[in-house]
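**Q** As given, the protein sequences belong to chains A and B, one line each in that order. Sequence positions in the first sequence follow my numbering and run 188 to 424. Sequence positions in the second sequence follow my numbering and run 8 to 226. Quick reminder that beta carbons are idealized off the backbone N, C-alpha and C, glycines included. Since we're looking at a predicted model, the values are computed, not measured. I am attaching a structure below and will ask some questions about it afterwards.
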Amino acid sequence: MKDYLQIANSKVFFLCGAVIIGFIILQAILYFNISYREGIRIGLTRAKMLKAFRTGAISTIVPALAVIVALITMVPVLGIPIPWMRLSVIGSAPYELMAAGIGAKSMGLDGLGGAGYTSQVFASSVWIMCIGSIWAVMIVTLFLKSIKRRYSNNADTDPKWRTVLTNAAFLGVFSIFMADPITKGGIALVTMLSGATIMTIFALLIIKLKQSWLREFALALSMIGAMACTILFTNFL
Amino acid sequence: MDNSYENKVHMIGRITLVIGLVLTFLPPVFLWLIYGIVPPLKNLMNGIISISSVMLPVSIVEVLTFTPMLGASAMYMSYLTGNISNMKIPSAAIGMEVAEVKPSTKEGDIISTIAIAGSVIASEIIIILGVLMIAPIGEKLGNPMIQPAFEQILPALFGSIGAYYILKEWKLAVIPILTAVAVNMIPGLPTAITIPICVLASIFGARFLYKKNLIKVTD
């Protein structure tokens with residue numbers, strides 16, 4: 188039943204990960220080089236630019252730790268290399284899980300891992316994670332140049348509506364996944380409500396007590412809290 | 008001279024994004040070619056329609072939102088590496104802050120590019136260290152006592168993130184949740200139908216509420 192995990196953890200996928208991460212770092216170095224040179228040309232100081240580099244690196248530490256926490260939650264159902272790769276390119280943890288969930292759903296399954304999650308369902312999850320990110324990349328590749336030009340000519344769009352639209356589109360998908368536990372109840376519903384409760388507590392802490400560092404970790408920690416409730420519920424109640 | 012820098016940025020960006028995108032497809036292609044594992048075309052199409060019905064509108068809006076915040080080179084780097092709102096935007100913002108340059112200026116673009124390059128390199132290294140640490144405990148996570156918890160990862164995620172969005176503006180959530188529960192009652196509907204229905208219902212509902220000035224906008 189777990190044989191897909193053996194495949195998911197095979198060396199060839201670690202190798203893919205290494206190739207992709209190498210390529211990402213290559214791109215970062217290329218851009219660092221040309222913008223550093225351009226910076227010198229227009230009169231930015233070396234010290235200023237290196238300070239920006241250091242600040243960028245340091246301010247990433249906490250969110251990167253949050254990514255590792257998310258990675259730990261994904262490893263038991265998707266293996267190590269695929270979540271590693273996916274969390275290092277294009278998307279982010281919630282997107283990847285949503286896409287993996289859609290991949291499972293389109294094979295007629297409601298969850299990740301567990302009985303029925305065969306290697307074919309796993310493959311479907313992986314394909315959908317990859318395909319879902321085509322859109323963003325293609326839009327940037329094809330249109331960024333002209334969008335930039337239009338923005339500098341001050342195109343007027345309603346930024347408030349854009350925020351609402353994005354939130355609404357995401358809520359549309361979240362609802363589909365929330366509807367399953369709502370209609371089926373049981374352990375899935377317990378887990379979902381636990382996650383919602385913990386997130387609400389975090390939100391209160393962040394807003395009322397101004398603990399804004401928690402923001403990065405709130406999602407990962409509520410997921411872990413919710414899954415801890417699942418363990419309590421299945422083993423001790 | 009000015010234009011040659013801009014052109015170079017776009018050229019490098021376009022080439023690296025396309026190559027990067029192709030590289031991300033190595034795992035599913037290897038699953039297929041080496042192990043012979045591939046989902047049936049019908050299910051795959053179903054999944055493609057579902058994911059695209061969300062990600063196409065979301066991607067368009069996101070690109071339009073991030074473009075004024077980040078320079079072109081910062082955009083190309085952000086879209087190859089992801090984690091934009093939680094890593095790249097904060098790094099760029101604080102980088103411009105410490106270097107005392109303004110966003111949407113030439114200096115701002117260069118500083119944010121450099122800050123994001125730092126962010127990319129640091130985050131990839133930290134995540135690799137994380138993977139090296141997880142590898143030995145990976146086996147233990149499969150323990151039968153805690154394994155059921157990981158199988159509930161989707162309810163855990165959508166409970167948490169759903170609550171977050173509901174707390175932001177609960178009125179937006181009413182229509183999609185009711186729609187989702189309703190379509191969920193009909194057995195056998197493929198996701199290629201249910202997901203677009205919920206996304207569209209949610210967007211139209213939001214448009215109505217927005218026009219009536221019934222929602223407050225945060226973030």
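#1: Do you know whose CA, among A/221, A/356, A/223, A/191, lies nearest residue 214 of chain B's CA?
#2: Run down chain B in chain order and give the residues with a C-beta less than 8 Å from the C-beta of residue 241 of chain A.
#3: Could you give the DSSP three-state label for residue 50 of chain B: helix, strand or coil?
#4: Checking contacts by CB at 9 Å: is residue 398 of chain A closer than that to chain B?
#5: For the alpha helix (DSSP H) containing residue 289 of chain A, name the first residue and the last one.
#6: So, is residue 206 of chain A buried or exposed, given that buried needs 16 or more other C-beta atoms within 10 angstroms?
#7: Give the residues from the stretch 345-363 of chain A that approach chain B closer than 8 Å (Cβ to any Cβ), ordered along the chain.
#8: Along chain A, which residues have their Cβ under 8 Å away from the Cβ of residue 76 of chain B?
#9: Starting from residue 215 of chain B, find everything on chain E with Cβ-Cβ shorter than 9 Å and list it in chain order.
#10: Is the separation between the beta-carbon of residue 400 of chain A and that of residue 63 of chain B shorter than 9 Å?
#11: Going along the chain, which residues of its own chain have a beta-carbon closer than 8 Å to the beta-carbon of residue 145 of chain A, five neighbours each way excluded?
#12: Between B/151, B/154, B/180, which has its C-alpha nearest residue 165 of chain B's C-alpha?
#13: At the level of alpha carbons, what is the spacing between residue 167 of chain B and residue 190 of chain A?
#14: Does any C-beta atom of chain A lie closer than 9 Å to the C-beta of residue 109 of chain B?
#15: Hey, does residue 392 of chain A have any beta-carbon neighbour from chain B nearer than 9 Å?
#16: Does the stretch 369-376 of chain A come into contact with the stretch 80-87 of chain B, if we say contact requires no fewer than three beta-carbon pairs (one atom in each stretch) closer than 8 Å?
#17: Taking contact to mean at least 3 C-beta pairs separated by less than 8 Å, is the stretch 289-299 of chain A in contact with the stretch 197-209 of chain B?
#18: Is the CB of residue 395 of chain A under 9 Å away from at least one CB in chain B?
#19: Please check the pair residue 225 of chain A and residue 117 of chain B, which I expect to be a contact at CB under 8 Å, by giving their CB distance rounded to whole angstroms.
#20: Do you know offhand how far residue 191 of chain B's Cα is from residue 105 of chain B's?
#21: Could you check if residue 285 of chain A is buried or exposed, using at least 16 other CB atoms within 10 Å of its CB as the buried criterion?
#22: Which residues bound the alpha helix (DSSP H) around residue 307 of chain A?
#23: So, for residue 8 of chain B: in the same chain, excluding its five sequence neighbours on each side, which residues have a beta-carbon less than 7 Å away from its beta-carbon?
#24: Residues of the stretch 278-293 of chain A with a CB closer than 7 Å to any CB of chain B: list them in chain order, please.
#25: So is residue 206 of chain B in contact with chain A if we call contact Cβ pairs under 9 Å?
#26: What is the residue span of the alpha helix (DSSP H) that residue 206 of chain A lies within?
#27: Just curious, the alpha helix (DSSP H) that residue 219 of chain B is in, first and last residue?
#28: Is residue 67 of chain B close to chain A? Criterion is C-beta to C-beta, closer than 9 Å.
#29: So which residues of chain A does residue 201 of chain B contact, with C-beta pairs closer than 7 Å?
#30: Given that residue 307 of chain A touches chain B, what residues does it touch there, using C-beta distances under 9 Å?
#31: In angstroms, rounded to a whole number, what distance separates the CA positions of residue 222 of chain A and residue 20 of chain B?
#32: Under 9 Å between C-beta atoms, does residue 401 of chain A make it to chain B?
**A** Walking through what the data contain:
#1: A/356
#2: 125
#3: helix
#4: no
#5: 280-292
#6: exposed
#7: 346, 347, 348, 349, 350, 351, 352, 353, 354, 355, 356, 357, 358, 359, 360, 361, 362, 363
#8: Near residue 76 of chain B there are no residues of chain A at all, since even the closest Cβ is about 11 Å away, more than 8 Å.
#9: This model lacks chain E altogether; the protein chains it does include are A and B.
#10: no
#11: Any answer about residue 145 of chain A is impossible in this case: the structure gives chain A only from 188 up to 424.
#12: B/180
#13: 30 Å
#14: no
#15: no
#16: no
#17: yes
#18: no
#19: 6 Å
#20: 51 Å
#21: buried
#22: 306-319
#23: Annotation note: pLDDT 45 at residue 8 of chain B (below 50); position unreliable, no value reported.
#24: 278, 279, 281, 284, 286, 288, 289, 290, 292, 293
#25: yes
#26: 198-228
#27: From DSSP, residue 219 of chain B is part of no alpha helix (DSSP H); its letter is neither H nor E.
#28: yes
#29: 363
#30: 44, 45, 46, 47, 50
#31: 13 Å
#32: no
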